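A.B. asks: Under full-length UniProt numbering, the first residue of the sequence shown carries the number 1, and numbering increases by one thereafter.
Would you mind keeping the following structure in view while I ask a few things?
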Amino acid sequence: MIDWNDFSKVDMRVGTIIEAEVFEEVKKPALKIKIDFGPEIGIKKTSAQIRALYEPKDIIGKQVIGVVNFPPKQIASIMSEVLLLGALGDGQDVILLTTDKPVKNGLPVS
Numbered sequence: 001m002i003d004w005n006d007f008s009k010v011d012m013r014v015g016t017i018i019e020a021e022v023f024e025e026v027k028k029p030a031l032k033i034k035i036d037f038g039p040e041i042g043i044k045k046t047s048a049q050i051r052a053l054y055e056p057k058d059i060i061g062k063q064v065i066g067v068v069n070f071p072p073k074q075i076a077s078i079m080s081e082v083l084l085l086g087a088l089g090d091g092q093d094v095i096l097l098t099t100d101k102p103v104k105n106g107l108p109v110s
């Protein structure tokens with residue numbers, strides 16, 4: 001079990017995917033993604049193993065939830081700056097967490 005102080009350390013924010021492309025250099029099917037988290041946080045890049053359910057053209061403009069306060073992590077040729085959140089569906093395919101209605105980029109998730 002964690003307490004509220006532990007949970008409050010995780011900075012989850014809403015952002016809009018502005019670029020996505022196939023990440024050719026990795027072994028597992030993935031996409032390179034750029035997400036706009038608004039003026040306070042800016043544009044962050046990441047890699048996500050979501051190719052089983054998503055094509056790059058289908059996710060541009062989609063609002064997603066990401067953890068923006070993890071340390072950067074090198075993934076092949078890019079430095080991942082955010083952890084994109086998703087649910088594991090059947091077959092362990094990742095289904096992106098999104099907003100129900102459009103909201104301002106950078107809004108915190110609580």
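Quick reminder that beta carbons are idealized off the backbone N, C-alpha and C, glycines included.
No experiment lies behind these values; they were computed from the predicted model shown.
(1) DSSP three-state label for Gln-49, please.
(2) Quick check on the DSSP output: the beta strand (DSSP E) that includes Gly-91 runs from which residue to which?
(3) If we count Cβ pairs, one from each stretch, closer than 8 Å, do we get three or more for the region 47-55 versus the region 82-93?
(4) Going residue by residue through the UniProt domain "TRNA-binding" (6-110), where are the continuous alpha helix (DSSP H) segments of at least 4 residues, counting only ones entirely within it?
(5) Here's the rule I'm using: 16 or more other beta-carbon atoms within 10 Å means buried, otherwise exposed. How should Glu-81 be labelled?
(6) For Gly-38, which residues of its own chain have a beta-carbon under 6 Å away from its beta-carbon, when the five flanking residues on both sides are left out?
(7) How many Å lie between Thr-46 and Pro-72 at the Cα?
C.D. replies: Taking the geometry as given:
(1) For this step, residue 49 is matched to residue 49 along the sequence shown. Reduced to three states, the DSSP call for Gln-49 is coil.
(2) Residue mapping note: residue 91 aligns to position 91 of the sequence shown, counting from 1. Looking at the DSSP string, Gly-91 is not in any beta strand (DSSP E), and its letter there is neither H nor E.
(3) yes
(4) 38-41 and 56-59
(5) Start at 1 with the first residue of the sequence shown, and residue 81 comes out as number 81. Classification for Glu-81: buried.
(6) Stepping through the sequence shown from its first residue, residue 38 is reached at position 38. For Gly-38, where only same-chain residues beyond five positions count, the Cβ hits under 6 Å are Asn-105 and Gly-106.
(7) In the sequence shown, counting from the first residue as 1, residue 46 sits at position 46. In the sequence shown, counting from the first residue as 1, residue 72 sits at position 72. Distance between the alpha carbons of Thr-46 and Pro-72 is about 9 Å.
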